[in-house]
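Just so you know, the numbering used here puts 69 at position 34 of the sequence shown, and the rest follows in order with no gaps. Built from N, CA and C at the ideal position, the CB exists for glycine as well. Small disclaimer: the values here were computed from a predicted structure and weren't measured. First comes the structure, then the notes that go with it.
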Amino acid sequence: MIFTVLLSASQKLLTLSFLLYAGLLGMPTGDDKEGTDKDADKSTSIRNSEASIRGVDVSRWQKEIDWSLVKEANVSFAFVKATQGDFRLDPYFARNWEETKRMGIKRGAYHYFKPEDPIEGQIEIFIRTVTLEPGDLPPVLDVEVSDSRIPPQELRQNIRTWLEAITKYYGVKPIIYTSQNYYRRWLQGYFPEYHFWIARYSDVQPETHHTDSWKFWQFTDSGSIAGINSAVDMNFFAGDLDLLSQLCMPEFVVAQESPLKQMKYIQPQP
């Protein structure tokens with residue numbers, strides 16, 4: 036459905052009531068809202084199904100999380116921010132990384148890509164910070180900002196350099212996170228060998244180029260989950276638990292030792 040007019044106040048109230056009744060954990064804020072009524076009904080139905088595989092992604096903005104309550108809320112996986120650019124560590128990564136494993140939540144680590152930072156440093160900081168184990172989700176490159184000083188071809192080459200270096204180091208292809216709009220403008224059709232995780236705050240599921248595929252859909256950034264005392268991004272996996280497990284690090288791949296693994300965790304300050 037293509038929304039060409041703003042909903043009236045009464046229509047908004049009715050829609051909000053319906054979605055809350057249907058069980059969504061936060062209202063979409065509207066990234067792209069085109070599609071058909073049939074597509075919207077199908078997407079919402081899949082997302083709200085009891086069989087759907089739900090997950091969260093977190094960073095320092097969620098501060099200290101009670102992962103035992105998150106687990107009880109039927110959350111199957113979590114992506115945890117590890118690094119940003121070529122110098123910044125997320126202060127809650129170590130705690131989130133260990134707690135998700137302890138609670139039996141499938142975990143994945145992501146790097147926030149900064150186009151203006153040297154790509155070699157962005158590779159190094161991630162591999163020094165993140166040690167993957169069998170059963171962990173593949174690494175994720177979070178690509179959502181551009182820089183007018185960097186041509187599109189150079190932007191995509193730096194993205195590819197990070198992806199290939201991480202593949203070589205961990206022995207598994209990373210996932211690319213991006214928004215629906217960013218994907219269309221900069222990425223569609225250029226990375227067919229990688230799975231996508233797309234943020235689209237809409238009742239219509241992500242749309243990709245015919246050569247691409249998405250595996251995760253971030254459908255809201257204002258979810259509410261027990262154990263997390265702030266709004267949180269909510270995600271849907273396009274498959275069942277078996278398929279999610281197949282996507283994870285296999286038993287025969289052993290990631291190299293991270294220098295940070297032996298460092299004692301210090302509780303970060305808010």
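Where residue i sits in the DSSP three-state scheme
| i | result |
| --- | --- |
| Q253 | strand |
| V115 | strand |
| G143 | strand |
| D101 | coil |
| N193 | helix |
| R137 | helix |
| D177 | strand |
| R235 | coil |
| L279 | helix |
| L124 | strand |
| P285 | coil |
| P169 | coil |
| E242 | coil |
| E199 | helix |
Segment limits, beta strand (DSSP E) that includes residue i
| i | result |
| --- | --- |
| T213 | 210-214 |
| D268 | 267-272 |
| D92 | 88-93 |
Residue i CB to nearest heavy atom of the ligand ATP below 6 Å
| i | result |
| --- | --- |
| Q192 | Ligands in the displayed structure: none, and consequently the ligand ATP is not present. |
Cα-Cα separation, residue i to residue j
| i | j | result |
| --- | --- | --- |
| W96 | V267 | 9 Å |
| N193 | E133 | 30 Å |
| V180 | R235 | 16 Å |
| T210 | Y145 | A quick correction: the sequence has Ile, not Thr, at residue 210. Near 9 Å, if we compare the C-alpha coordinates of Y145 and I210. |
| W249 | I185 | 26 Å |
| F114 | Y218 | 20 Å |
| R130 | V165 | 12 Å |
| D275 | W232 | 16 Å |
| F254 | N216 | 14 Å |
| A108 | K141 | 14 Å |
| V110 | M138 | 11 Å |
| D125 | S94 | 7 Å |
| D101 | S257 | 18 Å |
| F251 | A117 | 19 Å |
| Y204 | Y212 | 19 Å |
Same chain, Cβ closer than 6 Å to residue i, neighbours up to 5 away in sequence not counted
| i | result |
| --- | --- |
| L104 | A261, G262 |
| G156 | D121 |
| Q223 | H244 |
| A200 | I158 |
| D152 | G120, D121 |
| F161 | T118, H146 |
Strand pairing of residue i, partner residues [DSSP]
| i | result |
| --- | --- |
| S248 | H230 |
| G258 | V267 |
Endpoints, alpha helix (DSSP H) assigned at residue i
| i | result |
| --- | --- |
| I158 | 154-164 |
Same chain only: Cβ atoms within 8 Å of residue i, ignoring 5 sequence neighbours per side
| i | result |
| --- | --- |
| G143 | F112, A113, F114, V115, D171, L172, P173, P174, V175, I210 |
| T202 | K208, P209 |
| T246 | G224, P227 |
| K149 | Q119, G120, D121, Q157, V180 |
Nonlocal neighbours in the same chain, by C-beta distance under 7 Å from residue i, ignoring five residues either side
| i | result |
| --- | --- |
| E286 | P169 |
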